[in-house]
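Number of protein chains: 2
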Amino acid sequence: MQERSCALVVIGNEILSGKIHDTNTYFAARELRAIGVALKRIAVIPDELDAIAEEVRYCAQRFEFVITSGGVGPTHDDITIAGVAAALGRPVVIDPQLEALIREHFGDQPNKAGMKMAEVPQGAVLIEGGPMIFPTVQVENIYMLPGIPQLFEGKLTALKPRFATDPYFVRAIYTSAGEGRIAASLDACLERFPKLLLGSYPKIGNAEYRVKLTLESKDSDYLDSAFHYLLELLPADVIIKTE
Amino acid sequence: MQERSCALVVIGNEILSGKIHDTNTYFAARELRAIGVALKRIAVIPDELDAIAEEVRYCAQRFEFVITSGGVGPTHDDITIAGVAAALGRPVVIDPQLEALIREHFGDQPNKAGMKMAEVPQGAVLIEGGPMIFPTVQVENIYMLPGIPQLFEGKLTALKPRFATDPYFVRAIYTSAGEGRIAASLDACLERFPKLLLGSYPKIGNAEYRVKLTLESKDSDYLDSAFHYLLELLPADVIIKTE
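Residue numbers (the numbering used here), protein chains in the order written: chain A, 1 to 243; chain B, 244 to 486.
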């Protein structure tokens, strides 16, 4: 199966200004990885129509699907729906099913803020599931999720079967040597195994190890061969443990 | 003084794949805010030359300055220098001062990995200060910082006086009502105080409050007037506390 590519667009002045510590991107990165989706880009942009439209358009054209986080509530700064509509050059319309849901909730006379929640980009479809009665709005390859972490996580979890493909296999090597001393071994390993995804992550002030190496592939035999080849290349005295 | 705008470009497959939980963006967002810099965009992109070049070029043209995080070490996946050089259409050259530093460290015969650390985009300048002997490389309005959190934080802290302008003033109101019930008050407040930056952040499963409202301005009198105006507009029984 072909790997699917994905981008995450986080809409939120509160994150850019450091008032809120975003956790949705880390959650999404791990969950998507686990189901074999390649997250290729994360963008955090302000609550501004043009910025949303430009970034969503860019991502929707380049990646198989796009997940947005935030800006779908009833307040003045919730303009994700309008931004996504602008990205696609479509109008914002009232969805009859959402309108019915809101009338059920607010009674027959919902206020202006409530009715805002019934707006969708023209051509949107609704996806049931997850922690709210309120469905996820999808239009083309764009899925609009709420920014509140509990809701974002629940909605993304509910969408996972729709996104899943084949997963990566991963091995890790922890070394006591710095990157300078092992860089040549890494280069040699990649020359022999060019399709290996090889990561090198130094940790400072850690008594346990200095560099964590991660090896990844969708082919478990290829990964195994590369893993043992690299173990041979590295100076034996620097290897602390493997996973 | 004019507000300065900034973008943060994080280079790292390890963050996109969820292997490392990025903390640099949250640190930078708070620190920049505190010195009056408007962080307008965060992009997390893979260790790929074209992706780095495109994103850095985009940001360098639109914002007053750009900070990159990651990809400046000695290993195969450290290609930020090459990416930034490509963004500006310049070659990568060896910086004599960095070369001297590295020869001091590795002896007269530094290995290939060590010499990689002496590479800079043509026209770069070096900025001393922070937690390493190794200086920060700057070219045009782009500052290239290491991705390891302790180093990133130290380097950014050392650069702060260079970026500082005038700060924002902030007030906060915590309410027991949901966004639906207070949205009209927020709209009315913004109509009277259009220059107010007004944020609304619902918290779920929190016994203390339901929505935190933040009011911001660089003009403390304007902020004070807007704050008291909004307090009058909100139903008295929903206000839990103010800051």
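For glycine and all other residues, C-beta sits at the position ideal for the given N, C-alpha and C.
message = With three or more beta-carbon pairs closer than 8 Å as the criterion, would you say the stretch 395 to 406 of chain B touches the stretch 436 to 455 of chain B?
response = Because the criterion of three Cβ pairs below 8 Å is not met, the stretch 395 to 406 of chain B and the stretch 436 to 455 of chain B do not touch.
Original post:
Could you give the residue range of the alpha helix (DSSP H) that holds residue 481 of chain B?
Top reply: Residue 481 of chain B -> no alpha helix (DSSP H), and no H or E assigned at all.
### Message
Give me the chain A residues within the contact set of residue 262 of chain B, using Cβ-Cβ distance strictly less than 7 Å, ordered along the chain.
### Response
199 and 214
### Task
Have a look at residue 369 of chain B and residue 477 of chain B and give me their C-alpha separation to the nearest angstrom.
Their backbone Cα atoms lie some 53 Å apart in a straight line.
Going along the chain, which residues of the stretch 301 to 332 of chain B sit with their C-beta nearer than 7 Å to a C-beta in chain A?
Cβ contacts with chain A: 316, 317, 318, 319 and 320.
Buried versus exposed, by CB contacts within 10 Å (16 or more), residue 205 of chain A | exposed
Per-residue contacts from residue 46 of chain A into chain B (C-beta, under 7 Å)
Around residue 46 of chain A, the beta-carbon contacts reaching into chain B at under 7 Å are 283.
- prompt: Would a check of beta-carbon distances place residue 430 of chain B closer than 8 Å to chain A?
  reply: yes
message = Check whether the stretch 391 to 400 of chain B and the stretch 362 to 377 of chain B touch, using three or more Cβ-Cβ pairs below 8 Å as the test.
response = yes
Kindly indicate which residue of A:241, A:227, A:53 and A:24 has the alpha-carbon position closest to the one of residue 81 of chain A. A:53
Rounded to the nearest angstrom, how far is the Cβ of residue 283 of chain B from that of residue 248 of chain B, given a contact under 8 Å?
Confirmed, about 5 Å.
Cross-chain neighbours of residue 194 of chain A in chain B, by beta carbon under 8 Å
Within 8 Å Cβ-Cβ: nothing; residue 194 of chain A doesn't reach chain B, min ~11 Å.
| request: Note down, in chain order, each residue of its chain lying with its Cβ closer than 7 Å to the Cβ of residue 340 of chain B, except the 5 sequence neighbours on either side. | output: 369
Practice prompt. Identify each residue in the stretch 414 to 428 of chain B for which the Cβ-Cβ distance to at least one residue of chain A is less than 7 Å, and report them in chain order.
Written response: Per Cβ criterion, the list reads 422, 423, 426 and 427.
Nearest chain A C-beta to residue 452 of chain B closer than 8 Å, yes or no? no
Kindly list the residues whose CB is nearer than 6 Å to the CB of residue 245 of chain A, restricted to its own chain and excluding five residues on each side of it in sequence; keep chain order.
Any answer about residue 245 of chain A is impossible in this case: the structure gives chain A only from 1 up to 243.
Quiz prompt | Residue span of the beta strand (DSSP E) that contains residue 284 of chain B, given as start and end | solution = Note, residue 284 of chain B: beta strand (DSSP E), 280 to 288.
| said: Does the CB of residue 449 of chain B have a neighbour CB from chain A at under 8 Å? | reply: Chain A contact via Cβ: absent.
Quiz item: In three-state DSSP terms, what is residue 26 of chain A?
Solution: Secondary structure at residue 26 of chain A: helix, using DSSP grouped into helix, strand and coil.
Where in the stretch 100 to 186 of chain A do unbroken runs of the alpha helix (DSSP H), each at least 4 residues long, occur, reported from the N-terminal end onward? 112 to 116 and 149 to 163
Which one or two residues does DSSP pair with residue 487 of chain B in a beta bridge? The question about residue 487 of chain B has no answer, for chain B in this structure spans 244 to 486.
Proximal residues of chain B, C-beta to C-beta of residue 112 of chain A below 9 Å: 426, 427 and 430
Q.
Under 8 Å, Cβ to Cβ, is there at least one residue of chain A near residue 244 of chain B?
A. Reliability of the predicted coordinates at residue 244 of chain B is poor, the pLDDT of 42 falling under 50, and the value obtained from them is presented with this limitation in mind. For residue 244 of chain B, no CB of chain A lies under 8 Å from its own CB, so it is not counted at the interface with that chain.
Self-check item: Touching by the beta-carbon criterion (3+ pairs, under 8 Å), the stretch 354 to 367 of chain B and the stretch 314 to 321 of chain B
Solution: yes
Point to revise | Whole-number beta carbon distance between residue 116 of chain A and residue 136 of chain A, since they are thought to touch under 8 Å | key: That belief does not hold up - the Cβ atoms of residue 136 of chain A and residue 116 of chain A are roughly 17 Å apart, past 8 Å.
For a test of the three-state rule: what should DSSP assign to residue 1 of chain A, helix, strand or coil? Bear in mind that a pLDDT of 42 at residue 1 of chain A, under 50, signals an unreliable position, so the model cannot answer this.
Between residue 173 of chain A and residue 239 of chain A, is the Cβ-Cβ spacing less than 8 Å? Closer than 8 Å, so yes.
- Message: Please tell me whether residue 361 of chain B has its Cβ less than 8 Å away from any Cβ of chain A.
- Response: no
> What separation, rounded to the nearest whole angstrom, lies between the Cα atoms of residue 310 of chain A and residue 275 of chain B?
Replying inline: Because chain A in this structure spans residues 1 to 243, residue 310 of chain A falls outside the shown range and cannot be described.
Handout entry: Under 8 Å from the C-beta of residue 202 of chain A: neighbouring residues of chain B
Key = 316 and 391
Confirm the yes/no value for this check: CB of residue 280 of chain B, any heavy atom of the ligand FMN, distance under 7 Å. Because no ligand of any kind appears in the structure shown, any question about the ligand FMN cannot be addressed here.
*Return helix, strand or coil for residue 83 of chain A, following the three-state DSSP convention.*
helix
- Query: Under three-state DSSP, which class holds residue 463 of chain B?
  - Reply: helix
ask   = From residue 51 of chain A to residue 188 of chain A, what does the alpha carbon distance come to, in whole angstroms?
value = 43 Å
- Task: Out of B:344, B:346, B:307 and B:288, state which residue places its alpha-carbon closest to the alpha-carbon of residue 326 of chain B.
- Result: B:288
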